[in-house]
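Colleague: Below is a structure I'd like to ask you about.
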Amino acid sequence: MGDLFLRSGRGLVTAMAIFWLIFLVAPIVVTLASSFTSSTYLTFPPPGYSVRWYVSAFESEWVWSTFWNSVVIAVVSTAIAVALGIAAARVLARHRFHGRGLFEYAVLSPLIIPGVVVGFALLNVSVLIETQDAGLLNLIIGHTMVTTPFTLRSVWSSMAGSEISLEEAAQSLGATRWSAFWLIVFPLIVPGIVAGAIIAFTFSFNDVTISAFLSAREARTLPVELMSHIEYLPDPTPAAVSSLMIIVTLAFFLLVERTVGLDVFADR
Amino acid sequence: MTAGRAWGGGARFPASLATPVLLAFAVFIVVPCALLLVKGLEPTSAAGDWPDFTNVLGLFDSKIGQQALNRTIRVSLIVTVICLVAGYPVALFIARCAPRWRGLLLAVVIFPFLISAVVRAFGWTVLLGDSGLANKGLIALGLIDRPIALVQNEIGIIVGETHLLMPYMILSLLAVLQRIDPNLRHAAESLGASPVSVFWRIVIPLTLPGLLTGTLLVFSLAMTAFATPFLLGGGRTPILTTLLYDYAFTLFDWRLAASIGIVLLILGILFVTIHRFVSSRGMRSYG
């Protein structure tokens, strides 16, 4: 009796788990499948298959120009966020000073402030100082600020394990502060830097919230442009663009899984 | 994540390292937020004095503001409950399954994280549309006669946000489930405890920290989500974030947009304070 109860309980948990796991992949699978439709409207399952919407996506000027904007913004903002993250992590891991708590609070504050607030607040400032047309610059600034907490956290946790005594030993043997950092500390925190950079890059490349506020006419990101196409065009081209984004993400995901491990994403 | 011991000059401020970071955050976060506050508290009439709280307070006297606030809270609560009820069995299942399957199932949970919210919302517009799989399924089951509206309304927002945020809940729960010593369960069972009482008296209490973290995380992220409610809720069902966007770009009333921003800012700070209060894990899981 107890055994039957146990088994039916386990069965129920399994059934529910499988249902919700399917729920998690459903929109991704449906987007991929429906993008190969041969018709001019979107249904699932499609009435016939073709790659015409992929051709249309590759021929669309907006796809390419916004894609390159997104790449440039993600690369530049990740690079700056990594530099800021290393500096901030070093401050927090090695120094005790008055206002250290305040420093930590300031650098992690973009995690507390909702994205729409960061986006609108930065837009408000750019209008006040009349730089609202410098879309690319504004987007890079916004993305850098919201991704720095991610790079800080992963670099900081990799510094917590590194030995101060090694650095001190190097310095007592005549190494300068810089060479001690580059030769001793830096190699130890590389995994943290890589992990932080991966998170920052994915966040920046996918972001819509901040980008929707800061995108100017000539500088729009791919997700923002895709959003306006989904909103106004009932045409399957966005399905093909979405599918391409899924496929590229999957390749990136497998690369990370093979090299760094999926824990990078689990700890955010 | 505690810092190492003090190095160098004790209580000296590490100016060369900290100044560029502080400067960046002061100029691009603190000042913009302060100016938002200035904007939101601008007097409504030319003769009025700053600060004028009538905008922020009046926001919730207006019908649309009131509705948006109520909808934000209602949707976030429903999404949190669904994520909790659905995420728990998923986490339990993944924690218990064989290691060779665990990797694949974890990938299923984590992969949606990496896909832009726009793409995920797009998938749901296809699934939930009039001729989508969801309506077809409901008709096949005999639950409805003709397609019902599942997007451009609150249902769409709830489904989309549940999909957006469930991985956070599952990962928060998995973090604590994996730390439970299996010997505890064996001991309880060998002493005669039924599987049900093992679950309620051992598993649930031990996963409480993860449950709390996940719940707060999902609720606060549901309140501040933007792209998902924007695409799946449509123009007639605004929540606070999409209403802010409407005021900024459709109605060009930046004073009102800023007042919604102030409300969202206060909510964000409130959640972190609660989170810090209930768990010692601090801000680690905010993202």
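Residue numbers (my numbering), protein chains in the order written: chain A, 15 to 282; chain B, -15 to 271. Where is the CB? At the ideal position from N, CA and C, for every residue including glycine.
Check whether the Cβ atoms of ALA101/B and VAL222/A sit closer than 8 Å, and answer yes or no.
Modeller: One-based indexing of the second sequence puts residue 101/B at position 117. One-based indexing of the first sequence puts residue 222/A at position 208. Result yes, Cβ atoms of ALA101/B and VAL222/A sit closer than 8 Å.
Colleague: For ALA133/B, does the three-state DSSP call read helix, strand or coil?
Modeller: As a position in the second sequence, residue 133/B is number 149, starting the count at 1. DSSP places ALA133/B in coil when its eight states are reduced to three.
Colleague: How would you call ILE170/A, buried or exposed, if buried means at least 16 neighbouring beta carbons within 10 angstroms?
Modeller: To locate residue 170/A, count along the first sequence from 1; it is residue 156. Checking the sequence shown, residue 170/A turns out to be Trp, not Ile. It is buried - the Cβ of TRP170/A has at least 16 other Cβ atoms within 10 Å.
Colleague: Select from ASN138/A, VAL44/A, GLU144/A and TRP196/A the residue whose C-alpha is nearest the C-alpha of PHE227/A.
Modeller: Indexing the first sequence from 1 puts residue 227/A at position 213. Considering only alpha carbons, the answer is ASN138/A.
Colleague: Count the other C-beta atoms from every protein chain shown that fall within 10 angstroms of the C-beta of HIS170/B, then say buried if there are 16 or more, exposed otherwise.
Modeller: What you label residue 170/B is simply residue 186 of the second sequence in a count that begins at 1. HIS170/B comes out exposed.
Colleague: Run down chain A in chain order and give the residues with a C-beta less than 8 Å from the C-beta of TRP108/B.
Modeller: By 1-based counting over the second sequence, the position of residue 108/B is 124. The answer, in chain order, is PRO41.
Colleague: Note down, in chain order, every chain B residue with its Cβ under 9 Å from the Cβ of ASN220/A.
Modeller: Residue numbering aside, residue 220/A sits at position 206 when the first sequence is read from its first letter. Result: LEU98, ILE99, SER100, ALA101, VAL102 and VAL103.
Colleague: Hey, is PRO6/A's beta-carbon within less than 8 Å of any beta-carbon in chain B?
Modeller: What the structure shows of chain A is the stretch from 15 to 282, and residue 6/A is not part of that stretch, so it cannot be assessed.
Colleague: Report the option in LEU166/A, GLY188/A, SER168/A and ILE198/A whose CA atom is closest to the CA atom of GLU181/A.
Modeller: The residue labelled residue 181/A in the question sits at position 167 within the first sequence. Measuring from the Cα of GLU181/A, the nearest candidate turns out to be ILE198/A.
Colleague: From PHE12/B to PHE217/A, what does the alpha carbon distance come to, in whole angstroms?
Modeller: On the second sequence, position 28 is the one that residue 12/B refers to. On the first sequence, position 203 is the one that residue 217/A refers to. Spanning the two alpha carbons is a distance of roughly 18 Å.
Colleague: Using only alpha-carbon positions, find the residue among ILE244/A, GLU271/A, VAL274/A and LEU122/A that is nearest to TYR55/A.
Modeller: Taking the first sequence and counting its residues from 1, one reaches residue 55/A at position 41. Selected option, being the one with the closest Cα: ILE244/A.
Colleague: Taking TYR229/B as part of the alpha helix (DSSP H), name the residues at either end of that continuous run.
Modeller: Stepping through the second sequence from its first residue, residue 229/B is reached at position 245. 224 to 233 is the span of the alpha helix (DSSP H), which, as asked, contains TYR229/B.
Colleague: Going by Cα to Cα distance, which pick from SER172/A, VAL130/A, VAL69/A and PHE219/A is closest to ARG104/A?
Modeller: Numbered from 1 along the first sequence, position 90 holds the residue referred to as residue 104/A. Closest option to ARG104/A, Cα to Cα, is SER172/A.
Colleague: For the candidate residues GLY71/B, GLY42/B and ALA18/B, whose alpha-carbon lies nearest to that of THR191/B?
Modeller: Position 207 of the second sequence holds residue 191/B. Nearest option by C-alpha distance: GLY71/B.
Colleague: Note down, in chain order, every chain A residue with its Cβ under 9 Å from the Cβ of MET150/B.
Modeller: Taking the second sequence and counting its residues from 1, one reaches residue 150/B at position 166. Within chain A, the residues near MET150/B are TRP34, PHE37 and LEU38.
Colleague: List the residues of chain A that ILE164/B touches, going by C-beta distances under 7 Å, in chain order.
Modeller: Here residue 164/B refers to the residue found at position 180 when the second sequence is read from its first residue. Here the premise fails: no neighbours, minimum Cβ distance about 16 Å.
Colleague: Can you give me, in chain order, the residues of the stretch 235 to 254 of chain B that have a beta carbon less than 8 Å from any beta carbon in chain A?
Modeller: Under the 8 Å Cβ criterion, the stretch 235 to 254 of chain B contributes TRP238, ALA241, ALA242, GLY245, LEU248, LEU249, LEU251, GLY252 and ILE253.
Colleague: Would you say PRO201/A faces chain B, with C-beta separation under 8 Å as the test?
Modeller: As a first step, residue 201/A is located in the first sequence; it is residue number 187 there, counting from the start. It does not; no Cβ of chain B falls within 8 Å.
Colleague: PRO237/A to TRP85/B, Cα distance in whole Å?
Modeller: Here residue 237/A corresponds to residue number 223 of the first sequence, with the count starting at 1. Here residue 85/B corresponds to residue number 101 of the second sequence, with the count starting at 1. The straight-line gap from Cα to Cα measures roughly 33 Å.
Colleague: Listing by chain order, which chain A residues have their CB less than 8 Å from the CB of ARG(-4)/B?
Modeller: Position 12 of the second sequence, counted from the start, is the residue given in the question as residue -4/B. Here the neighbours are HIS109 and PHE111.
Colleague: Three-state secondary structure (DSSP) at ALA91/B?
Modeller: Counting from one through the second sequence, the residue named residue 91/B turns up at place 107. Here ALA91/B sits in helix by DSSP.
Colleague: I'd like to know if the stretch 31 to 41 of chain B and the stretch 233 to 244 of chain B are in contact, where contact means that at least 3 CB-CB pairs between them fall below 8 Å.
Modeller: Yes, since at least three Cβ pairs between the stretch 31 to 41 of chain B and the stretch 233 to 244 of chain B fall closer than 8 Å, the two stretches touch.
Colleague: Can THR45/A and VAL74/B be called in contact, C-beta distance under 8 Å?
Modeller: Within the first sequence, residue 45/A is the residue found at index 31, counting from 1. Within the second sequence, residue 74/B is the residue found at index 90, counting from 1. Not closer than 8 Å, so no.
Colleague: Under DSSP, the alpha helix (DSSP H) around TYR119/A begins and ends at which residues?
Modeller: One-based indexing of the first sequence puts residue 119/A at position 105. First-last of the alpha helix (DSSP H) with TYR119/A: 114 to 122.
Colleague: Which residues in chain D sit within 7 Å of VAL40/B, going by Cβ to Cβ distance?
Modeller: Note that chain D does not occur in the displayed structure, where the protein chains are A and B.
Colleague: Can you find a C-beta in chain A that's less than 8 Å from the C-beta of LYS47/B?
Modeller: Residue 47/B sits at position 63 when you count from the first residue of the second sequence. Answer no: the Cβ-Cβ gap between LYS47/B and chain A never drops below 8 Å.
Colleague: Can you tell me whether ALA95/A is helix, strand or coil according to DSSP?
Modeller: Within the first sequence, the letter at position 81 stands for residue 95/A. In the structure shown, ALA95/A sits in a helix (DSSP, three-state: H, G or I).
Colleague: Please state whether DSSP places TYR55/A in a helix, a strand or coil.
Modeller: Numbered from its first residue, the first sequence carries residue 55/A at position 41. Of the three classes helix, strand and coil, the one that applies to TYR55/A here is coil, per DSSP.
Colleague: Straight-line CA distance for PHE77/B to GLY116/B?
Modeller: Translated into the one-based positions of the second sequence, residue 77/B becomes position 93. Translated into the one-based positions of the second sequence, residue 116/B becomes position 132. Looking at the two C-alpha atoms, the distance is approximately 29 Å.
Colleague: Using only alpha-carbon positions, find the residue among VAL14/B, LEU1/B, LEU228/B and THR28/B that is nearest to VAL130/A.
Modeller: Start at 1 with the first residue of the first sequence, and residue 130/A comes out as number 116. Nearest option by C-alpha distance: LEU228/B.
Colleague: What three-state label does DSSP hand ALA241/B in the structure shown?
Modeller: For the purposes of this step, residue 241/B is identified with residue 257 of the second sequence, where counting begins at 1. Helix, per DSSP.
Colleague: How many angstroms separate the CA atom of ARG14/A from the CA atom of PHE50/A?
Modeller: Lying outside 15 to 282, the shown extent of chain A, residue 14/A is not represented and no answer is given.
Colleague: For PHE72/A, report the span of its alpha helix (DSSP H) as first-last.
Modeller: As a first step, residue 72/A is located in the first sequence; it is residue number 58 there, counting from the start. Looking at the DSSP string, the run of the alpha helix (DSSP H) that includes PHE72/A is 66 to 73.
Colleague: Can you have a look at ASN152/A and say buried or exposed, based on whether 16 or more other CB atoms are within 10 angstroms of its CB?
Modeller: Translated into the one-based positions of the first sequence, residue 152/A becomes position 138. Classification for ASN152/A: buried.
Colleague: Return the bridge partner residues of SER63/A from the DSSP annotation.
Modeller: Along the first sequence, one-based indexing puts residue 63/A at 49. A small fix is needed here, since residue 63/A is Tyr in this sequence, not Ser. According to DSSP, TYR63/A bridges with THR51/A.
Colleague: Any residues in the stretch 119 to 142 of chain A with a beta carbon nearer than 8 Å to a beta carbon of chain B? Which ones, in chain order?
Modeller: Listed by position along the chain: ALA120, VAL121, LEU122, SER123, PRO124, LEU125, ILE126, ILE127, PRO128, GLY129, VAL130, VAL131, VAL132, PHE134, ALA135, LEU136, LEU137, ASN138, VAL139 and LEU142.
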